[in-house]
Amino acid sequence: MNLRDRESQYLLHTYKRLPIEIDHADGVYIYGKDGKKYLDFFGGIAVNALGYNNPRVKAAIIGQVERYMHVSNLFYMDVQVELAEAICGISGYPKVFLTNSGTEAIEAAIKIARKWGSTRNKSGLLALSNSFHGRTMGALSLTDRPKYRQGFEPFLPEVDHVGFNNVNELRAKVNDSTAAVFVEFIQGEGGVNVISKEFVKELFSLKRKHDFIVVADEIQGGIYRSGKVFSFEHYGVRPDVVTMAKPLGGGLPLGGVLVDEPLQDVLGYGAHGTTFGGNPVACAAGLATISELSERKIGSHVTEVGKYLTQSLLELRSKFPGFISEVRGLGHMVGVECKIECPEIISELVSKGVLANCTNGNVIRLLPPLVIEREHVDLFVSRLGETVLEHSKVTTK
Ligand SMILES: Cc1ncc(COP(=O)(O)O)c(C=O)c1O
1 MNLRDRESQY LLHTYKRLPI EIDHADGVYI YGKDGKKYLD FFGGIAVNAL GYNNPRVKAA
61 IIGQVERYMH VSNLFYMDVQ VELAEAICGI SGYPKVFLTN SGTEAIEAAI KIARKWGSTR
121 NKSGLLALSN SFHGRTMGAL SLTDRPKYRQ GFEPFLPEVD HVGFNNVNEL RAKVNDSTAA
181 VFVEFIQGEG GVNVISKEFV KELFSLKRKH DFIVVADEIQ GGIYRSGKVF SFEHYGVRPD
241 VVTMAKPLGG GLPLGGVLVD EPLQDVLGYG AHGTTFGGNP VACAAGLATI SELSERKIGS
301 HVTEVGKYLT QSLLELRSKF PGFISEVRGL GHMVGVECKI ECPEIISELV SKGVLANCTN
361 GNVIRLLPPL VIEREHVDLF VSRLGETVLE HSKVTTK
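Residue numbers (our numbering): 1 to 397.
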């Protein structure tokens, strides 16, 4: 049996795979076993901020494996504390709880909100329409994508959704029993939708009135992807709780939830925990990743190259207005909304040696490694241009 048949035989059929059998990956390229090279504009779903095979991250992992791989959170681990210091240093938040994944960071945030609310008669949780916060039952209660929710009811009680950027609905749904509002400042899975300044302003003004927690889900948009450490920084606000994951572990499973000072004692000893969260090997990789990203001043690099990417895509849109309806996003988180469903476009890009993703049916989602250069943008945009041109010829025949 070949690899694809064995995969189909032994793994649950939860992932639709791209038709590539990976041999290895290096820099911003993935290499297939068939010898083909692919420019990766999806970065392991926003994980590989430094691209692949980064020597500093690899050395940190090997160094920690040689010391110890797991001892449990019952012990003091220098590498875990160093990572926490680094995260607090770049974020300006005082404390972090470490998890294995994004969805676990969301679960921890839900528990913080409920525990905080339990002494204030507040239990309601709000999230936005079209949001994605993960797939465990708590996180899925917040996630508003029918295709992920269907058949998994009942969800957590007292969870409701507010229309994305719908200020009036927000005003109507928030009240004194609201414990927390969960927000992706740039929705990723939902189609790369950027939250409006007006909505954020109203959210924080309602927070002052009704005293609830704002949770920023920065799992996809955080850690320099938007050009700033967190995407909410573009709005000049400070959420109470911030969830992170994806690039945090440099490719190893690692997430975290940051809490601002007034909430730092909500979860006391024994109130929350995990066997693997904050694993020392993942922490070593995370520390190397954060150090490398900040030393390289990656935020300004992303801002500069991200502008070039958006500009190049806007030029493509002006050539093909009948095909591309909108280009939106911030930094290296960009959505190209097409007038047709886009899975076919993604397959055509793959055959041209370029990787991207389709989300929300008709949005080509780009989450390239943060280290891409203008030459990679040129290559990507020219391949996309060729694909769109071929497609337009076929559809106008
Ligand atoms: C905004 C957001 N929140 C939460 C999650 C869930 O993270 P994970 O897949 O690491 O559990 C994701 C994953 O795509 C995400 O994009």
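Note that beta-carbon positions come from the ideal geometry of N, C-alpha and C, so glycine has one too.
query: Please tell me whether, using a cut-off of 7 Å, the distance from the CB of Phe152 to the nearest non-hydrogen atom of ligand 1 is below it.; result: no
query: Taking Ile20 and Val229 to be in contact with their CB atoms under 8 Å, please state how far apart those CB atoms are, rounded to whole angstroms.; result: At roughly 32 Å, the Cβ-Cβ gap does not stay under 8 Å, so Ile20 and Val229 are not in contact.
query: Looking at Ser196: is its Cβ nearer than 8 Å to the Cβ of Lys122?; result: no
query: In the DSSP assignment, find the beta strand (DSSP E) that holds His13 and state where it starts and stops.; result: His13 -> no beta strand (DSSP E), and no H or E assigned at all.
query: With a Cβ-Cβ cutoff of 8 Å, do Val237 and Val257 count as a contact?; result: no
query: With a 10 Å radius around its C-beta and 16 neighbouring C-beta atoms as the bar for buried, classify Phe199 as buried or exposed.; result: buried
query: With three or more beta-carbon pairs closer than 8 Å as the criterion, would you say the region 306-322 touches the region 350-358?; result: no
query: May I ask you to list the residues that DSSP assigns as paired with Tyr269?; result: According to DSSP, Tyr269 bridges with nothing at all.
query: Taking only heavy atoms of ligand 1 into account, decide whether any of them is closer than 7 Å to the Cβ of Ala113.; result: no
query: If you reduce the DSSP assignment to three classes, tell me which class Lys246 lands in.; result: helix
query: How many Å lie between Ile45 and Gly286 at the Cα?; result: 17 Å
query: Can you tell me whether Gly117 sits near ligand 1, meaning its C-beta is under 7 Å from at least one heavy atom of the ligand?; result: no
query: Could you spell out where the beta strand (DSSP E) holding Leu309 opens and where it closes?; result: No beta strand (DSSP E) holds Leu309; the alpha helix (DSSP H) holding it covers Ile298 to Lys319.
query: Between which two residues does the beta strand (DSSP E) harbouring Cys342 extend?; result: Per DSSP, Cys342 belongs to no beta strand (DSSP E) and is neither H nor E.
query: Write down the C-beta distance between Glu202 and Leu248 rounded to the nearest angstrom, noting that I regard them as a contact closer than 8 Å.; result: Incorrect: roughly 30 Å between the Cβ atoms, too far for contact.
query: Please return the same chain residues whose Cβ sits closer than 8 Å to the Cβ of Lys36, not counting the five positions on each side in sequence.; result: Ile20 and Gly353
query: Going along the chain, which residues of its own chain have a beta-carbon closer than 6 Å to the beta-carbon of Asp26, five neighbours each way excluded?; result: Tyr52 and Asn53
query: Under a Cβ-count criterion, where at least 16 other Cβ atoms within 10 Å of its own Cβ denotes burial, should His161 be classed as buried or exposed?; result: buried
query: Below 7 Å, is the gap between the Cβ of Gly102 and the nearest heavy atom of ligand 1?; result: yes
query: Can Gly306 be considered in contact with ligand 1, in the sense that its beta carbon sits closer than 7 Å to one or more heavy atoms?; result: no
query: Given 7 Å as the limit, tell me if Ala49 has its C-beta closer than that to any heavy atom belonging to ligand 1.; result: no
query: Tell me the rounded alpha-carbon separation between Val181 and Val47.; result: 25 Å
query: Rounded to whole angstroms, how far is the Cβ of Gly221 from the Cβ of Met333, which I believe are closer than 8 Å?; result: 6 Å
query: How would you label Tyr269, buried or exposed, when you count the other beta carbons within 10 angstroms and need 16 or more for buried?; result: exposed
query: Kindly indicate the opening and closing residues of the beta strand (DSSP E) around Thr99.; result: Lys95 to Thr99
query: Please report the distance separating the alpha-carbon of Gly102 from that of Glu337.; result: 26 Å
query: Is the region 91-111 touching the region 132-148, taking contact as three or more C-beta pairs under 8 Å?; result: yes
query: Pull up the distance between the alpha-carbon of Lys58 and that of Ile340, whole angstroms please.; result: 41 Å
query: From Ser392 to Leu314, what does the alpha carbon distance come to, in whole angstroms?; result: 17 Å
query: So, with DSSP's three-state summary, where would you put Leu293?; result: helix
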